[in-house]
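Chains as they are written, first to last, in the numbering used here: chain E, 194 to 341; chain A, 6 to 420.
See structure below.
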């Protein structure tokens, strides 16, 4: 049964929605609103990354015996996204629309291709391999629920 | 598990790049040829019209689509093409040589060039198609994109079989009469290869680029099945009006669904890449409507040329330009970032203002181009604008490549 994939894919969608709201605020030059909305996105994204890095990935690694495989790649991509988020936060602080939208472009494509890999390959494997996947999904839902 | 372990392995930057960059000179050549085409676009059967068609299809489209396929499949469905560098080093020169020889043959270089073109294209397409199909078949992700790409690559191979047979026949060789079918060749090429590849890529990139809703699940399922069935109908009776009606309906439905999704996008700003996509989708709609109307036109020969121009330049050329302006800047950033170089975000790889100049030249070329079958004098203006658009595209790509090399040099120079 699939428990982890729908939960985490829905949270990806939630992060996308927050990101789009921040862009829409920037598009009308409502920078204070943009700042608040982007901060909400950053908190949701960070909660998602930490849920994966602290709970999901260790469980996957324990279940499969792999620690240098796909989870290492995903951790590396999380670090790259965190760096992109910092560049966007600097653009928001500087009220620089061109830099904001330009940096968002890189983040959104990287984030979406990252999500496709997780949803297409990693999460189904987690559902298959992790014992008690449903219990883990319940635990993650509680963690992520605080930012949703 | 093996596929999962390797799912980060996108090909080296030079693999998709060599194909994508090679597409552009074919666009420039098509523009130059058009400038000197005179009244040759009164019919699709003139040598110039055939040369122009193949500059756009086996030149521009084939190169760009090979590059895009090699890059997108690992991300979309985890289908890692094995030994991509080796594959590209075999396939790329063969396809280039094949396309150049075939165009030269249409322009009267001699019958031997038909054979050289056929050999080059077959030598490139056979390994590419078989390796791509093998990778797609083994892909760990079983989604509609995978099915669409399998249909597309199969359609490409079938298109190539008819194309090679036609080239050999034109060169004076002997082939089975069943294979000498231009009707099957171009329908299989436009619809089954082109449209299946475009839809398979769209399922991934349209929601990704603009945060649109996903394509409706029933559409994804039935569209691919419809294209596969239409492909079989093309083989059974390529010239049957019902086959054309089926293909045109599929093309129009794809374009309308994609346009509707783009209207529901959540990202507020549109860029040149998005405008290229819109041009392509509107052209595809127009081409589908024209295709349905063709049987009722009293003298369809000029309208058939218009159909070809809408499909090749309005449709595929536009969408390829739009895709390249996302793929090349993103890969430049990604590969520099992975190498540990100083960050170069996408909007600093190619500025939006530079892409907009290309978009305006491309869009300006379309009205005179679409009038050319009836007003031959327009061919000079249309050709000049089309060539200028692709020259500007080459300039933009050169800027991107220059910036990539600069950052790589800085990295090497670090203590």
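Ideal Cβ placement from N, Cα and C applies to all residues, glycine included.
Note that the structure is predicted; figures quoted are calculated from it, not measured.
Residue i to residue j span [Cα, whole Å]
{"i": "residue 57(A)", "j": "residue 301(A)", "result": "26 Å"}
{"i": "residue 48(A)", "j": "residue 15(A)", "result": "43 Å"}
{"i": "residue 400(A)", "j": "residue 248(E)", "result": "48 Å"}
{"i": "residue 240(A)", "j": "residue 304(A)", "result": "26 Å"}
{"i": "residue 226(E)", "j": "residue 286(E)", "result": "12 Å"}
{"i": "residue 340(A)", "j": "residue 348(A)", "result": "10 Å"}
{"i": "residue 200(E)", "j": "residue 277(E)", "result": "25 Å"}
{"i": "residue 167(A)", "j": "residue 17(A)", "result": "33 Å"}
{"i": "residue 468(A)", "j": "residue 27(A)", "result": "Residue 468(A) is absent from the model: chain A starts at 6 and stops at 420."}
{"i": "residue 10(A)", "j": "residue 83(A)", "result": "Annotation note: pLDDT 41 at residue 10(A) (below 50); position unreliable, coordinate value reported separately. So the alpha carbons of these two residues sit roughly 10 Å apart."}
{"i": "residue 407(A)", "j": "residue 272(E)", "result": "27 Å"}
{"i": "residue 207(E)", "j": "residue 405(A)", "result": "34 Å"}
{"i": "residue 261(A)", "j": "residue 286(A)", "result": "8 Å"}
{"i": "residue 189(A)", "j": "residue 202(E)", "result": "42 Å"}
{"i": "residue 366(A)", "j": "residue 317(E)", "result": "46 Å"}
{"i": "residue 176(A)", "j": "residue 135(A)", "result": "27 Å"}
{"i": "residue 244(E)", "j": "residue 252(A)", "result": "47 Å"}
{"i": "residue 263(A)", "j": "residue 227(A)", "result": "15 Å"}
{"i": "residue 279(E)", "j": "residue 87(A)", "result": "36 Å"}
DSSP three-state assignment for residue i, whether helix, strand or coil
{"i": "residue 349(A)", "result": "coil"}
{"i": "residue 63(A)", "result": "helix"}
{"i": "residue 386(A)", "result": "helix"}
{"i": "residue 29(A)", "result": "helix"}
{"i": "residue 496(A)", "result": "The structure shown does not extend to residue 496(A), since chain A spans only 6 to 420, so no value can be given for it."}
{"i": "residue 24(A)", "result": "helix"}
{"i": "residue 220(A)", "result": "coil"}
{"i": "residue 51(A)", "result": "coil"}
{"i": "residue 2(A)", "result": "In the structure as shown, chain A begins at 6 and stops at 420. Residue 2(A) is therefore absent and cannot be evaluated."}
{"i": "residue 293(E)", "result": "helix"}
{"i": "residue 307(E)", "result": "helix"}
{"i": "residue 245(A)", "result": "coil"}
{"i": "residue 41(A)", "result": "coil"}
{"i": "residue 354(A)", "result": "helix"}
{"i": "residue 221(E)", "result": "coil"}
{"i": "residue 8(A)", "result": "Here the model assigns residue 8(A) a pLDDT of 46, short of 50, so the residue's position is not dependable, and the following value carries that caveat. Here residue 8(A) sits in helix by DSSP."}
Within-8 Å CB hit, residue i to chain A
{"i": "residue 246(E)", "result": "no"}
{"i": "residue 229(E)", "result": "no"}
{"i": "residue 296(E)", "result": "yes"}
{"i": "residue 314(E)", "result": "yes"}
{"i": "residue 273(E)", "result": "yes"}
{"i": "residue 235(E)", "result": "no"}
{"i": "residue 309(E)", "result": "yes"}
{"i": "residue 279(E)", "result": "no"}
{"i": "residue 306(E)", "result": "yes"}
Short CB-CB distance (under 8 Å) between residue i and chain E
{"i": "residue 328(A)", "result": "no"}
{"i": "residue 338(A)", "result": "yes"}
{"i": "residue 80(A)", "result": "yes"}
{"i": "residue 214(A)", "result": "yes"}
{"i": "residue 205(A)", "result": "no"}
{"i": "residue 9(A)", "result": "Residue confidence is low: residue 9(A) scores 46 on pLDDT, short of 50, so the model does not pin down where it sits. Its coordinate-derived value is still stated next. Answer yes: the Cβ-Cβ gap between residue 9(A) and chain E drops below 8 Å somewhere."}
{"i": "residue 226(A)", "result": "no"}
{"i": "residue 244(A)", "result": "no"}
{"i": "residue 220(A)", "result": "no"}
{"i": "residue 118(A)", "result": "no"}
{"i": "residue 209(A)", "result": "yes"}
{"i": "residue 18(A)", "result": "no"}
{"i": "residue 335(A)", "result": "yes"}
{"i": "residue 331(A)", "result": "yes"}
Within-8 Å CB hit, residue i to chain B
{"i": "residue 301(E)", "result": "Structure shown: chain B not included; protein chains present are E and A."}
Q) Between the stretch 110-126 of chain A and the stretch 50-68 of chain A, do at least 3 Cβ pairs fall closer than 8 Å? A) yes
Q) Counting Cβ pairs closer than 8 Å, one from the stretch 292-309 of chain A and one from the stretch 166-181 of chain A, do we hit at least three? A) no
(Q) Taking beta-carbon pairs under 8 Å, can you tell me which members of the stretch 343-354 of chain A lie near chain E? (A) So the close ones are 348, 350, 351, 352 and 353.
Q. Does the pairing of the stretch 266-286 of chain A with the stretch 202-221 of chain E give three or more beta-carbon distances under 8 Å?
A. yes
Q.
Along the stretch 130-153 of chain A, where does the CB come closer than 8 Å to a CB of chain E? Name the residues.
A. 145, 146 and 148
**Q.** Any 3 or more C-beta pairs closer than 8 Å across the stretch 223-240 of chain A and the stretch 194-207 of chain A
**A.** Yes: at least three Cβ pairs fall under 8 Å.
Q. Touching or not, the stretch 216-236 of chain A and the stretch 310-318 of chain E, by the rule of three or more beta carbon pairs under 8 Å?
A. no
Q) Quick one, which residues of the stretch 263-282 of chain A are near chain E if we go by CB-CB under 7 Å, in chain order? A) 271, 272, 273 and 274
Q | Stretch-stretch touch, CB-based, cutoff 8 Å, three pairs: the stretch 317-333 of chain A with the stretch 377-384 of chain A | A | no
(Q) Counting beta carbon pairs with one atom in the stretch 38-55 of chain A and one in the stretch 385-402 of chain A, are three or more of them shorter than 8 Å? (A) Verdict: yes, contact present.
Q. What are the residues of the stretch 211-225 of chain E that lie near chain A, defined by any Cβ-Cβ distance shorter than 7 Å?
A. 213, 216, 217 and 220
Q. Would you call the stretch 75-92 of chain A and the stretch 100-115 of chain A touching, i.e. three or more CB-CB distances under 8 Å?
A. no
Q.
Please list, in chain order, the residues of the stretch 195-211 of chain E that have any C-beta partner in chain A closer than 8 Å.
A. 209 and 210
Q) Counting Cβ pairs closer than 8 Å, one from the stretch 351-364 of chain A and one from the stretch 93-101 of chain A, do we hit at least three? A) They do not touch, by the three-pair rule.
**Q.** Members of the stretch 49-83 of chain A that neighbour chain E once the beta carbon cut-off is set at 8 Å
**A.** 80, 81, 82 and 83
Q | Cβ contact check for the stretch 321-338 of chain E and the stretch 255-270 of chain E: 3 or more pairs under 8 Å | A | In short, these stretches touch, since the Cβ pair count reaches three.
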